[in-house]
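The letter at position 208 of the first sequence is residue 334 when you use my numbering, and the numbering goes up by one with no holes. All C-beta atoms, glycine included, are put in the ideal place defined by N, C-alpha and C. Note sheet for the following structure.
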Amino acid sequence: MENKLTIYNTLSRKKELFEPINPPFVGLYVCGPTVYGDAHLGHARPAITFDLLFRYLKFMGYRVRYVRNITDVGHLVNDADEGEDKIAKKAKLEQLEPMEVVQFYSNRYHKNMEQLNTLPPSIEPHASGHIIEQQELIKQIIENGFAYESEGNIYFDVERYNQKYHYGKLSGRKIDELFANTRELSGQQEKRNPFDFALWKKASPEHIMRWPSPWGVGFPGWHLECSCMSQKYLGETFDIHGGGLDLQFPHHECEIAQNVAAQGHEAVKYWMHNNMVTINGQKMGKSLGNFITLDQLFTGDNNVLEQAYSPMTVRFFILQAHYRSPLDFSNEALKAAEKGYERMMAAVSQLNRLKVSNENTVDIAALQENCFEAINDDLNTPILIAHLFEGVRIINSIAAGTEKINAENLDMLKKLFHNFVFDILGLKGEEDSSASNQALGKVIDAMMNIRKTARANKDWATSDSIRDELKNAGIQIKDTKDGYEWSLE
RNA sequence: GGUCGGUUGGCCGAGCGGUUAGGCAGCGGUCUGCAAAACCGUGUACAGCAGUUCAAAUCUGCUACCGACCUCCA
Numbered sequence: 127m128e129n130k131l132t133i134y135n136t137l138s139r140k141k142e143l144f145e146p147i148n149p150p151f152v153g154l155y156v157c158g159p160t161v162y163g164d165a166h167l168g169h170a171r172p173a174i175t176f177d178l179l180f181r182y183l184k185f186m187g188y189r190v191r192y193v194r195n196i197t198d199v200g201h202l203v204n205d206a207d208e209g210e211d212k213i214a215k216k217a218k219l220e221q222l223e224p225m226e227v228v229q230f231y232s233n234r235y236h237k238n239m240e241q242l243n244t245l246p247p248s249i250e251p252h253a254s255g256h257i258i259e260q261q262e263l264i265k266q267i268i269e270n271g272f273a274y275e276s277e278g279n280i281y282f283d284v285e286r287y288n289q290k291y292h293y294g295k296l297s298g299r300k301i302d303e304l305f306a307n308t309r310e311l312s313g314q315q316e317k318r319n320p321f322d323f324a325l326w327k328k329a330s331p332e333h334i335m336r337w338p339s340p341w342g343v344g345f346p347g348w349h350l351e352c353s354c355m356s357q358k359y360l361g362e363t364f365d366i367h368g369g370g371l372d373l374q375f376p377h378h379e380c381e382i383a384q385n386v387a388a389q390g391h392e393a394v395k396y397w398m399h400n401n402m403v404t405i406n407g408q409k410m411g412k413s414l415g416n417f418i419t420l421d422q423l424f425t426g427d428n429n430v431l432e433q434a435y436s437p438m439t440v441r442f443f444i445l446q447a448h449y450r451s452p453l454d455f456s457n458e459a460l461k462a463a464e465k466g467y468e469r470m471m472a473a474v475s476q477l478n479r480l481k482v483s484n485e486n487t488v489d490i491a492a493l494q495e496n497c498f499e500a501i502n503d504d505l506n507t508p509i510l511i512a513h514l515f516e517g518v519r520i521i522n523s524i525a526a527g528t529e530k531i532n533a534e535n536l537d538m539l540k541k542l543f544h545n546f547v548f549d550i551l552g553l554k555g556e557e558d559s560s561a562s563n564q565a566l567g568k569v570i571d572a573m574m575n576i577r578k579t580a581r582a583n584k585d586w587a588t589s590d591s592i593r594d595e596l597k598n599a600g601i602q603i604k605d606t607k608d609g610y611e612w613s614l615e
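Here it is as structure tokens:
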């Protein structure tokens, strides 16, 4: 199949044809979480967006190395000198070893990611496991003259860098505007310029996460880890770097500066940024405290939630918007996504029961082409899903007898749905195969046998009462031509 | 204040110069013992004003409102 994938490159602000640097290999780096709290709906967005990309690239036949980091050191609460490390702060609060905090939240993050059916990355490096490499990178940047030492801290010299290169090319900022608009923060006297950022920070005595270095005991700056680990695992240049839009500046801008300062050229060919999840029109985030964690979403345990939403509902909800558009949370929108998801999955299972005909009234080839066109257009999943719903209509119409399909087209349709729904969009059925659920199935079978007899005797009162009782118990019965189907509401 | 982006029908959300987006909800019909599901049909849109064009949600300008980033945030 022809490779026509275009992706929107933040660097050029345009959609570009995706051409890997070293086909068939593709290097993909995505900024992962800082593990000091539970993942919320906002974290699900980059995870799902880049999971989709990972899946589609693999589907196209590329050999993809997907690196997503775990930030477990260096991410400060604020940029002032007294800023605390996020992990260390949490550790103190909970009286834990910092690495206990890291392990605890990493485990929970991985569980959530698995629930959302995102594939694990190829490599998931920790910042704390790459202190040596980060120090080497700092040395290189100092050697090239783009960083300076000040009272045990190493800062990146943004002004110096900007004389030779362009600091701000990714986010479209100009250094004089930055100068005019950067806030004065306390405790930054040791910097030459307020927008200089830390590569290495001196550890204060009470700081528990600390490593020896040529510049004294300290810890690495936040932006450094991504430059360092992407370079280590994907090479001096690699294909795609992804992350949330809020990381564009300063994080990714600093990453570019560090790479260029160290190696003389940029590392990333395509920069991709997913937009934010909002709630009441505002960004959902830690600082505003308006976030809903994924666990809360899955259990319904949050005041703003009218009900629980399954992981696949959440995934479908996110995929129904384009990744570069903001997506607003609301119960109404989630409920609509839940219904839509159920409709699609019902059609998928209907697909296996379709009967082949000699006639054929449906155009599956056209449908397939539309689907590829959508996904190739900068991962336009809302359009893709719209086309898949056309497929749903076709499936249901065949089942209802208003359309006919021949063997060849049915085969194509099955493949199409399998590829797009399961492999690329990463949706899956949520059937419960537990022992208790199997037992429930048997109980329902028994009751439905009684109902069958009642119906045969036209005893509608008994028949309806069984259906109503089951409905009260949360079990939905649908009569079909050959029998019945049931589902939990 | 600076930079960038947005404002689409009851809700969500695509489209970005001419052709039905799609989902959810609503309404009418078909099927069914009745439901449910499914199928068929169907309505209220493109923030406002001005301009470009044969043609504008789609391009330009202005106005209003909203948001993101500029400090940590996916």
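G153 burial status per 10 Å Cβ neighbour count (16 or more: buried) = Result: buried.
Euclidean distance between Cα positions of R189 and M574 | If you draw a straight line from the Cα of R189 to the Cα of M574, it comes to about 51 Å.
When E611, E595, L614, I133 are compared against D365, the one with the closest alpha-carbon | I133
Measure the C-alpha to C-alpha separation of E464 and V227 and round it to an integer number of angstroms.
-> 34 Å
Looking only at its own chain, which residues have a Cβ that is under 7 Å from the Cβ of A500, when we skip the five neighbours before and after it?
-> N506, I509, L510, H513
For L183, which residues of its own chain have a beta-carbon under 6 Å away from its beta-carbon, when the five flanking residues on both sides are left out?
-> V152, V190
Within the chosen definition, does the region 213-227 reach the region 274-286 through at least 3 CB pairs nearer than 8 Å?
-> no
Alpha-carbon to alpha-carbon, L178 and G347 = Here the alpha carbons of L178 and G347 stand approximately 30 Å from one another.
Helix, strand or coil for D427, going by three-state DSSP, please let me know.
-> coil
Going along the chain, which unbroken runs of the alpha helix (DSSP H) with 4 or more residues stay wholly within the region 136-208?
-> Secondary structure remark: continuous alpha helix (DSSP H) runs of at least 4 residues inside the region 136-208, in chain order: 167-185.
Enumerate, from N- to C-terminal direction, the unbroken beta strand (DSSP E) stretches of 3 or more residues contained entirely within the region 326-386.
-> Within the region 326-386, the complete beta strand (DSSP E) runs of at least 3 residues are 344-346, 364-370.
Taking only the alpha-carbon atoms, compute the straight-line gap between D489 and T606 and give it to the nearest angstrom.
-> 27 Å
Is it a yes or a no for the region 154-171 touching the region 492-499, going by three-plus beta-carbon pairs under 8 Å?
-> no
Could you give the distance in angstroms between the alpha-carbon of A206 and the alpha-carbon of M470?
-> The predicted model places A206 with a pLDDT of 44, which falls under 50 and marks its position as unreliable; any figure quoted below should be read in that light. Spanning the two alpha carbons is a distance of roughly 50 Å.
Helix or strand or just coil, what does DSSP make of E595?
-> Three-state DSSP puts E595 in a helix.
With 16 other Cβ atoms within 10 Å as the buried cut-off, status of Q357 = buried
Tell me where the alpha helix (DSSP H) around M398 begins and ends.
-> Counting along the chain, M398 falls outside any alpha helix (DSSP H), though it belongs to the beta strand (DSSP E) covering 394-400.
Do the region 549-568 and the region 467-486 touch if we need at least three Cβ pairs shorter than 8 Å?
-> yes
Counting pairs of Cβ atoms below 8 Å between the region 401-421 and the region 451-458, do you hit three or more?
-> Yes, since at least three Cβ pairs between the region 401-421 and the region 451-458 fall closer than 8 Å, the two stretches touch.
Exposure of F272, with buried meaning 16 or more beta-carbon neighbours within 10 Å = buried
In the DSSP assignment, find the alpha helix (DSSP H) that holds T579 and state where it starts and stops.
-> 561-582
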